[in-house]
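According to full-length UniProt numbering, numbering within the sequence shown proceeds without interruption in unit steps and concludes at 104. Notes for the one structure printed next.
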Amino acid sequence: MNLRELITEIDVEKIAGNPDLEIEGVAYDSRKIQPDFLFVAISGFKEDGHDFILEAIEKGAKAVIVEKEIQIPFPKIVSVRVPSSTNWCPSNFLPTRATKRSPF
């Protein structure tokens, strides 16, 4: 999925970098980042996802969605600043469940 397409339905305050890149998945947890993923940094009650952006990039994140103005020391990483990342979930990356019918 193209990052530009993913962010068309959200309120974007600022984009740093070129959003025309392919994203393989989305994660809110930096421990679940895989190469070419989008990391969504959420400011939570106990932890702030913004503190884990560098870890996510080191694991292969190509882009980040943030709520705060940040400086990323990697010029190829795209950052998208939004008013709130807590309500953002792209439907294209929601897990799908295989439904099985019971034989009974």
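Just so it is clear, CB atoms sit at the ideal spot from N, CA and C, and this is done for glycine as well.
Scanning its chain for C-beta atoms nearer than 7 Å, with the 5 sequence neighbours on each side dropped, one finds around K68 the residues H50, in chain order. The UniProt domain "Mur ligase N-terminal catalytic" (22-85) is shown to contain whole alpha helix (DSSP H) runs of 4 or more residues at 53-58, in chain order.
The shortest C-alpha to C-alpha distance from I57 to any of F45, F37, V80 and L21 is the one to F37.
In the same chain as L3, and ignoring 5 residues on each side of it, the C-beta atoms closer than 6 Å to its own belong to P19, L21, I23 and A63, in chain order. Distance from the CA of S30 to the CA of P73, rounded to the nearest whole angstrom, comes to 18 Å. Note on I70: under 16 other CB atoms within 10 angstroms of its CB, so exposed under the neighbour-count rule.
Cβ neighbours of D11 within its own chain (closer than 7 Å, five residues either side excluded): V82 and P83. Straight-line spacing of the CA atoms in E55 and V40 works out to 12 Å. Selection V66, K59 and P35 evaluated against I42 yields V66 as nearest (Cα-Cα).
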